[in-house]
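Protein sequences, first through last, are from chains A and B.
In case it helps, my numbering puts the first sequence at residues 38 to 341.
In case it helps, my numbering puts the second sequence at residues 153 to 406.
Read the structure below first, then the notes.
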Amino acid sequence: MFDVFFVQQLVNGLSIGLIYALMAIGFTLIFGVLNVVNFAHGEVYMIGAFAGLLAITQLAPPLFAVILVALAFGALAGFGLERIAFRPFRRFRDEASLKSKAIREATLLSSLAVSIIVRELAEKIFGSNMQSIPQEYLLLKPIEIGPLSFANGQFLIFGLSIVMLGGLQWLLKHTRVGLSIRAVANNPMGAAYVGINTERTIIATFVIGSTLGAIAGLIVGLYQGAIFPAMGFAPGVKAFVAMVMGGLSSIGGAVVCALILGMAEAITTSFFAQGWGDLVAYLFLVITLVFFPTGLFGGGRERV
Amino acid sequence: MTPLLEIKNACRYFGGLHAVEDFSGHVKRGERVGLIGPNGAGKTTLFNLITCFTPLSSGAVFFDDTDISSLKAYRVARLGIARTFQNLRVMPNLSVFDNVSIGALGALGHSPLAALTKRTNYANDIGRRTWDALEQTGLQDHASELAANLSYGKRKYLEIARALALSPRLLILDEPAAGLNDTETAQLAEFVLRLSGEGLSILLVEHDMNFVMSLCERVMVMASGRKIADGSPQEVSNDPVVLEAYLGSEEEAA
């Protein structure tokens with residue numbers, strides 16, 4: 038059973054799981070602060086990939102610079118998204134509105150609307166097909182270790198994900214903006230009353246979450262050689278499942294569940310036909326909702 | 153010298169409900185003022201108006217001669233009005249230290265760059281303010297505990313500590329003694345008196361009349377959104393209008 042192919046699949050699963058984790062963190066951060074699911078997160082992922090691709094085709098800079106471009110566009114997309122889809126629903130600041138299900142759902146739908154509009158716009162401009170990526174930027178150069186063969190993209194995914202996950206933890210635990218984010222996520226009204234600028238904290242959360250998403254989109258695009266307007270949908274769903282499994286507001290839980298999900302998918306595809314892999318995520322979602330309504334790591338504040 | 157806090161003809165309507173109706177009042181520097189009234193009189197709404205969490209329908213609130221009526225809640229906090237809540241609003245999943253440092257963070261504000269680069273450790277200005285507030289409230293031994301694990305009484309002090317970390321000039325306490333036993337209430341009164349002795353102005357809502365009467369130098373009484381009395385605890389407790397608001401008029405009672 039533990040043949041080379043299997044180990045190979047596990048490593049593939051781990052790297053794709055890390056990508057889900059990066060996206061799931063974006064979801065989780067924003068959910069933590071606003072209590073709303075940001076359905077446009079998949080489009081931020083797509084924007085990151087397209088921004089990087091445009092930089093490549095226009096300027097052909099080194100990969101490092103391409104990542105910075107994706108980072109900048111991700112931050113911008115997060116900022117804009119908050120302005121367009123989320124801010125208008127926070128006009129009412131009293132407690133009843135903050136807890137109102139109707140306002141939460143309106144916000145959720147507005148993020149879904151922005152997601153659809155952005156995706157359709159991208160299809161209008163770029164066409165819905167996969168974009169061609171210059172060969173030298175594809176992250177598919179094989180690296181052989183013993184009998185195993187990896188793509189250099191996998192190492193980049195490993196390295197970058199771990200750096201970003203670690204960086205995020207540091208940011209949340211040791212910086213002022215991190216403390217503000219944790220405060221607002223815990224109790225937005227209490228935070229505002231002791232002088233925390235909640236609006237700015239929310240923007241910061243969007244910018245940070247979207248940056249992670251955009252970079253994930255770029256690396257996956259280059260690694261899988263597939264950059265197209267609807268590319269954010271599938272990983273968006275997986276990351277959403279990881280967030281729900283992790284208990285909605287637990288970053289650690291989301292990361293662990295994203296890794297489990299990625300591995301489970303990879304193992305499934307190694308025993309069954311390709312198409313079954315996608316089913317795993319939905320199966321996990323159903324199992325979580327039925328048996329663990331507050332998530333596997335549910336310090337959850339409420340049922341999913 | 154103008155009072156520290158001055159409320160001028162404050163009104164707040166929720167649809168047809170007149171929660172606060174033409175309320176005027178003030179808190180002088182260093183004064184301890186109580187705000188009492190039957191349930192639903194609009195006391196908490198008035199607090200929300202002062203701290204700018206609920207916008208005024210009309211009227212104005214001045215703090216230290218500045219019109220704060222249209223400011224955002226966090227700005228008001230930075231100006232020096234800190235408050236605690238009837239139903240506590242501590243951050244349960246953060247440590248006691250982090251909870252209090254939020255107040256210190258709020259007081260200092262920060263540029264976006266500082267937000268990303270400045271650490272929140274024990275050594276810098278935030279840490280010092282946090283420790284001061286923890287020591288004032290006697291919570292220093294609990295600094296690393298999760299706020300959720302504190303006892304109810306300790307959590308009350310935690311909220312006060314968080315408010316103190318702002319270095320406020322006016323401290324607004326919403327039912328600080330609710331849920332405390334007699335010993336704890338007496339300790340709290342002593343603590344508030346000590347804060348007041350350090351020059352802090354206090355405005356508090358409380359249902360425990362002994363607490364209010366022994367602690368406050370002046371008491372304002374609210375009923376149905378209006379101010380019906382304002383004076384020393386002695387005057388207020390003998391005021392027939394106040395007695396009527398609390399107990400109903402004599403004819404009704406008969």
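Just so you know, even glycine gets a beta-carbon here, dropped at the ideal spot from N, CA and C.
On a predicted model such as this, the values are computed, not experimentally measured, just so you know.
Can you pull the chain A residues whose beta carbon is under 8 Å from the beta carbon of residue i, in chain order?
i: S253 of chain B; result: L216
i: L258 of chain B; result: Here the sequence assigns Gly to residue 258 of chain B, which means Leu is not the residue at that position. Correct list: A228, V231, G232 and I233.
i: T203 of chain B; result: Y230
i: Y165 of chain B; result: Those do not exist, as Y165 of chain B stays about 13 Å from chain A at its closest Cβ, beyond 8 Å.
i: R230 of chain B; result: G232
i: L291 of chain B; result: Residues of chain A passing the Cβ test: none, with the nearest at roughly 16 Å.
i: L355 of chain B; result: Near L355 of chain B there are no residues of chain A at all, since even the closest Cβ is about 14 Å away, more than 8 Å.
List the residues of chain B whose Cβ lies closer than 7 Å to the Cβ of residue i, in chain order.
i: N223 of chain A; result: M243, P244, N245 and L246
I want to verify the contact list: residues of chain B whose CB lies under 9 Å from the CB of residue i, in sequence order.
i: R219 of chain A; result: M243, N245, L246, D250 and I254
At a CB-CB cut-off below 7 Å, which residues of chain A make contact with residue i?
i: R235 of chain B; result: Y230
i: A225 of chain B; result: A229 and Y230
Can you pull the DSSP bridge partners for residue i?
i: Y165 of chain B; result: B:H170
i: S186 of chain A; result: A:E181
i: G186 of chain B; result: B:L356 and B:V371
i: D216 of chain B; result: Note: D216 of chain B sits in no beta bridge, so no partner.
i: D326 of chain B; result: B:V357
i: L298 of chain B; result: B:S247
Chain A partners of residue i, CB-CB under 9 Å?
i: L332 of chain B; result: Under the 9 Å cutoff, chain A gives no residues; its nearest Cβ is about 20 Å from L332 of chain B.
i: A315 of chain B; result: Y230 and V231
i: L286 of chain B; result: None at all; the shortest Cβ gap to chain A is about 15 Å.
i: A318 of chain B; result: First, the residue type needs correcting, since residue 318 of chain B is Leu and not Ala in the sequence shown. Those within 9 Å of L318 of chain B in chain A are V231 and G232.
If you reduce the DSSP assignment to three classes, tell me which class residue i lands in.
i: F76 of chain A; result: coil
i: A271 of chain A; result: helix
i: F175 of chain B; result: strand
i: K160 of chain B; result: strand
i: G211 of chain B; result: strand
i: M38 of chain A; result: A caution first: M38 of chain A carries a pLDDT of 49, below 50, which makes its placement in the model unreliable, though a value can still be read off. The answer is coil: DSSP assigns M38 of chain A none of H, G, I, E or B.
i: L175 of chain A; result: coil
i: N191 of chain B; result: coil
i: I170 of chain A; result: coil
i: Q206 of chain A; result: helix
i: R181 of chain B; result: coil
i: Q339 of chain B; result: helix
i: L223 of chain B; result: coil
i: M153 of chain B; result: coil
i: I264 of chain A; result: coil
i: T282 of chain B; result: helix
i: K308 of chain B; result: helix
i: A303 of chain A; result: helix
i: E350 of chain B; result: coil
i: G69 of chain A; result: helix
i: E396 of chain B; result: helix
i: C204 of chain B; result: coil
i: T196 of chain B; result: helix
i: F309 of chain A; result: coil
i: L322 of chain A; result: helix
Should residue i be listed as close to the ligand HEM, given that the test is whether its C-beta is under 7 Å from any heavy atom?
i: Q238 of chain B; result: As presented, the structure is devoid of all ligands, the ligand HEM included, so that no description of it is given.
message = Tell me which residues of the segment 95-113 of chain A have at least one Cβ-Cβ distance to chain B shorter than 8 Å, keeping chain order.
response = none
ask   = If you scan the segment 357-391 of chain B from start to end, which runs of the beta strand (DSSP E) of 3 or more residues do you find wholly inside it?
value = 370-375 and 378-383
ask   = Taking only runs of the alpha helix (DSSP H) that begin and end inside the segment 93-164 of chain A, which ones reach a length of at least 4 residues, in chain order?
value = 100-118, 132-135 and 138-163
query = Enumerated in chain order, which unbroken segments of the beta strand (DSSP E) with a length of 3 residues or greater are wholly contained in the segment 229-263 of chain B?
reply = 233-235
Whole runs of the alpha helix (DSSP H) within the segment 224-248 of chain A, excluding any shorter than 4 residues = 225-230
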